[in-house]
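These protein sequence lines map, in sequence, to chains A and B.
Residue 1 is where the first sequence starts when you use our numbering, and the numbers rise one by one after that.
Residue 105 is where the second sequence starts when you use our numbering, and the numbers rise one by one after that.
We put the beta carbon where it would ideally sit given N, CA and C, even for glycine.
Here the structure is laid out as structure tokens; the discussion comes afterwards.
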Amino acid sequence: MAKLKDIAKACKSKNAGPFELTLDIMFDNEALFQRVLQSGVITPKLIADLYDIDVGDVLLTEYAPALAFKATIPRRIPSGALGDTDIYGAQQHAPLLDIDIPIE
Amino acid sequence: MGSDNQIRMVSVSGILGYGFPEQSLAAAMKLRPHMIGVDGGSSDPGPYYLGSGKTLNSELAMKRDLRLLLRAAISNQIPMMIGTAGGAGGEPHLQTCARLIREIAQEEDMHFKMALIHAEQDPAVLQAALLDNRIRPLGRAKPLTDKVIANATRIVGMMGPEPHMKALVGGAQVILAGRGTDPAPWVALAMHHGIDPAVAWYAGKLLECACNAAIPKKHDCLIATLTNEWVEVEPVNPELSCTPLSVSVQALHENASPIIRYEPGGILDSSSCTMEAVSERRVRVSGMKWIPQSYTIKLEGVEAIGYSAITFAGTRDPGLISQLDSFIKNVEAASHVKIAALGIARDDYQIVFRLYGSNGVMGKMEPKRDALSHEIGILAEVVAKTQEIANAALSLTRVTLLHSDFPGRLCREGNMAFPFSPSDIERGVTYQFCLNHVIEIADPLALFPIEYEEV
């Protein structure tokens, strides 16, 4: 087992417009990316569980040219609206860090 | 147009006013670009800027960047193009940047034809389009109503490249545009010179954040070379490099999907792109596709939601922290009672607590609900119908935070450490984004009037 935070090159969040957040998990090694991809662990269901949202609200793209997974999810509160905690959406990535990937 | 048609375009920085090394622009000009440009903004810093009309970056910082851009463009007789002026691209933002350009021209004795492209939308035009069924919601947005349009403080349309192209044909050397899709200035210049739309759009997407497509990331100049088959990108500063990975990373940036990008008039499909390193610092991308669609313009709008006042305090009391949620709930309830005693209606204000050390960053999405720090920062906010109500309600909320009893309380002189006197801060009008819609238009120029002036 390996934690995502120990094997990923980047693990980040950002606004994709004021109403959505986008989460990027990136690797710097093609073989490693392929092993994570083939582990089948990173799924819309996992992202939905981590962020407590409906699986139908997760747009997950596996993007081989950047050795990356990209998940886009709705914001509970649009950027800057009453009660928002993160205008840029830049600190919503932490739940991804402890994802267990079954590789050595 | 022959296949040897090559167009070179420079983007100096991620946003006008972020700065860039002067020597990078000088080096870029030696590569004889056909234009230099910079994106002016984004919705990223939140709704305040579009609402208030204030610029994201300071006038000093924008003027410094503009001066260097203008000197380079005018002395080399190439266009200088800026999209989403002043951060939010509304009328006040456009006019602030136009004023800075005029000031610089006067100070430096420069003369040129300038085009101002307006992006702020007339509510009456939008209401007519709504009646005509030409406005539709995106994502989870609800269908638009007259009321939302009427309540909006300011609405802008995100222009495509066409208004910029029109201004180029009109002979403008300096093009300053309101809100647009970020790639618009570069797409326009490339298509003006006959470059294939797919390559033009892909290049525009890489250029809009300048050296975000390079490593190490810096606010610095990026140059793109385009033909009808491919685009090559390279940072001007020799300390930076573009690699296939760094370029792919920019493709992920701030988009919902790295493969499909919706733009006015079509979709940029990069699912079959290939990236190759041409050198250690230069990457060639080919295989992108442009799929034309019916022409739509995305609308961005904000509405005022009230006046805000905030206070910040910390607690270091383990007894309080162990019952934080119930303490806050009790403070809120007690505050409402005291606020009602002032004759303030419950509908006229809202109290929001952000609890740092608990879930201050992720709010309801925080999965670690039981983890608490040894100290907790409490940001209390009131948003109200007037600033007077916000101030009064916040003041009572602050006192209640400080002096409320809780079971087992030992810190009987006060529950909170306040770092400032005065502790309360007026934030003025606060806004929220109220539109996530597109409008169908037959003519890409229709919503974006162009004004020319001899500077």
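- Residues of chain A with a Cβ closer than 8 Å to the Cβ of C377 (chain B) are, in chain order, P65.
- About 5 Å separates the CB atoms of Y153 (chain B) and G191 (chain B); that is less than 8 Å, so the two are in contact.
- Residues of chain A with a Cβ closer than 7 Å to the Cβ of P471 (chain B) are, in chain order, L50 and P95.
- Contact between E380 (chain B) and Q536 (chain B) is absent: CB atoms are separated by about 45 Å, not below the 8 Å threshold.
- DSSP places E163 (chain B) inside the alpha helix (DSSP H), whose first and last residues are E163 to N180.
- Per DSSP, H541 (chain B) is one residue of the beta strand (DSSP E) stretching across H541 to E544.
- Comparing alpha carbon positions, the residue from B:G532, B:S350, B:L459 and B:G284 closest to E224 (chain B) is B:G284.
- It is roughly 56 Å from the alpha-carbon of A494 (chain B) to the alpha-carbon of E104 (chain A).
- For R240 (chain B), the nearest beta carbon of chain A is not closer than 8 Å to its own beta carbon.
- Between the C-alpha atoms of P548 (chain B) and E266 (chain B) there is a straight-line separation of about 6 Å.
- Look at the region 143-162 of chain B: the residues with a C-beta under 8 Å from a C-beta of chain A are S147, D148, P149, G150, P151 and Y152.
- Chain-order list of chain A residues neighbouring V487 (chain B): L82, by C-beta distance under 8 Å.
- By a beta-carbon distance limit of 8 Å, Y88 (chain A) contacts D148 (chain B). Their separation comes to about 6 Å.
- About 38 Å separates the CB atoms of E367 (chain B) and I414 (chain B); that is not less than 8 Å, and the two are not in contact.
- The beta carbon of E312 (chain B) lies closer than 6 Å to those of D143, D286 and P287 in the same chain, with the five residues before and after it left out.
- Judged by DSSP in its simplified three-state form, G308 (chain B) adopts helix.
- Out of B:V435, B:A417 and B:L424, the CA that lies nearest to the CA of G481 (chain B) is found in B:A417.
- With respect to chain A, the C-beta atom of Q225 (chain B) has no partner C-beta closer than 8 Å.
- F537 (chain B) has B:V406 as its beta-bridge partners, per DSSP.
- Residues L67 of the same chain have their beta carbon placed closer than 8 Å to that of E30 (chain A), with the five preceding and five following residues left out of the count.
- The bridge partners DSSP lists for F457 (chain B) are B:A484.
- Per the Cβ contact rule, the region 169-178 of chain B is in contact with the region 197-206 of chain B (3 or more Cβ pairs under 8 Å).
- DSSP, read as helix, strand or coil, puts K3 (chain A) in strand.
- For M185 (chain B), the closest of B:Q454, B:Q277, B:L242 and B:C377 by C-alpha to C-alpha distance is B:Q277.
- A direct Cα-Cα distance of roughly 16 Å separates P196 (chain B) from L120 (chain B).
- For A438 (chain B), the enclosing alpha helix (DSSP H) covers residues L428 to A444.
- If you look at E558 (chain B), you'll find it in the beta strand (DSSP E) that goes I554 to E558.
- Against chain B, the CB of K14 (chain A) has a partner CB under 8 Å away; the residue lies at that interface.
- The residue among B:A232, B:G447 and B:M520 with its C-alpha nearest the C-alpha of A496 (chain B) is B:G447.
- For M295 (chain B), the enclosing alpha helix (DSSP H) covers residues A288 to H296.
- Taking a C-beta distance under 8 Å as the contact criterion, T400 (chain B) and I543 (chain B) qualify as a contact pair.
- Within the same chain, L4, K5, I25, H93, L96 and L97 come within 7 Å of C11 (chain A) by CB-CB distance, once the 5 residues on both sides are set aside.
- For T378 (chain B), the uninterrupted beta strand (DSSP E) run begins and ends at T378 to A381, by DSSP.
- Scanning chain B for C-beta atoms nearer than 9 Å to the C-beta of P44 (chain A) yields nothing, as the closest lies near 14 Å away.
- The continuous stretches of alpha helix (DSSP H) do not include M520 (chain B), and DSSP gives it neither H nor E.
- Taking 8 Å as the upper bound on Cβ-Cβ separation, chain A lies near residues P348, L349, S352, V353, A355, L356, H357 and E358 of the region 343-358 of chain B.
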